[in-house]
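Colleague: For the sequence shown, the UniProt record's numbering begins at 1 and goes up steadily by one. All C-beta atoms in this analysis are idealised placements derived from N, C-alpha and C, irrespective of residue type, glycine included. Note that the structure is a prediction, hence the values are computed from the model and not measured. The structure follows.
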Amino acid sequence: MLYLLVFRREKLNIPRLVINSHKSFIRVVEIPLTKQAALEGDSDFVLLEATSTKARYSTLKLQELNAKLKSLQEEHEQVQKALSEDLCNQVTSHADNLKELAVSMAELDVATSLALLALQRSYVKPVIGYNKEFSIKGGRHAVVDMLQPNSFVSNDCELGEKTVWIVTGPNMGGEKFN
């Protein structure tokens, strides 16, 4: 096609003769409107459209190439659709395994994030036993401590053998019960 383009440019003395894409005609030969007279006697060129600055033509060879291109585009779309459907079917057939994998990865992500945070902030795991003792030394609220690092004071709490009730819920505005 490039050879044909260069040959026609030289033969017709139209240096700005180009082959461009066009929404209606796929590929067309475009020339400046001022050079339209050079193609008037040439039966190879069929005028498709003229604008205020350009004239668009087609040739038999270009129509053949357009038909091949359109056929290849349709085949490409069919292959893409088939590949997409095949991929969707393969993913769907493994949906349960993928869901389990996603849950496991999420759990691992949470665990590793908490472990990293514990290392960085020197958090320790509480020791939970069967006795009724409740002892916190240097306790801090993790979120408040991160948002206001220099304004939070750590707290100790010793409850010994007392019965401890921890009341939680949506209205945790500082209420305490002993």
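So, with DSSP's three-state summary, where would you put lysine 61?
Modeller: Three-state result, lysine 61: helix.
Colleague: Please state the DSSP three-state secondary structure of glutamate 77.
Modeller: Glutamate 77 falls in the helix class under three-state DSSP.
Colleague: So, helix, strand or coil for leucine 87, using DSSP?
Modeller: Leucine 87: helix per DSSP, three-state reduction.
Colleague: Run through DSSP, which three-state label would arginine 9 get?
Modeller: Of the three classes helix, strand and coil, the one that applies to arginine 9 here is helix, per DSSP.
Colleague: For glutamine 63 and cysteine 88, I'd like the C-alpha separation in whole angstroms.
Modeller: Taking the straight line joining both Cα atoms gives about 37 Å.
Colleague: When we look at the beta-carbon of tyrosine 130 and count the other beta-carbons within 10 Å, is it buried (16 or more) or exposed?
Modeller: Exposed is the call here.
Colleague: If you draw a straight line from the C-alpha of asparagine 150 to the C-alpha of asparagine 97, how long is it?
Modeller: In a straight line, the C-alpha of asparagine 150 is about 46 Å away from that of asparagine 97.
Colleague: Determine the direct distance from the alpha carbon of lysine 68 to that of proline 32, and round the result to whole angstroms.
Modeller: Distance between the alpha carbons of proline 32 and lysine 68: 27 Å.
Colleague: Nearest to valine 46 by CA position, among Lys61, Gln120, Asn155 and Ile14, is which residue?
Modeller: Nearest of Lys61, Gln120, Asn155 and Ile14 to valine 46, Cα basis: Lys61.
Colleague: Leucine 98 lies in the alpha helix (DSSP H); which residues open and close that run?
Modeller: Element bounds for leucine 98: 95 to 121.
Colleague: Which first and last residues belong to the alpha helix (DSSP H) in which valine 143 is found?
Modeller: Residues 142 to 147.
Colleague: Would you mind sorting tyrosine 123 into buried or exposed? The rule is 16 or more other CB atoms within 10 Å of its CB.
Modeller: Exposed.
Colleague: Opposite alanine 50 in the DSSP bridges: which residues?
Modeller: Ala55.
Colleague: Determine the burial state of leucine 101: buried for a count of at least 16 other Cβ atoms within 10 Å of its Cβ, exposed for fewer.
Modeller: Per the 10 Å Cβ criterion, exposed.
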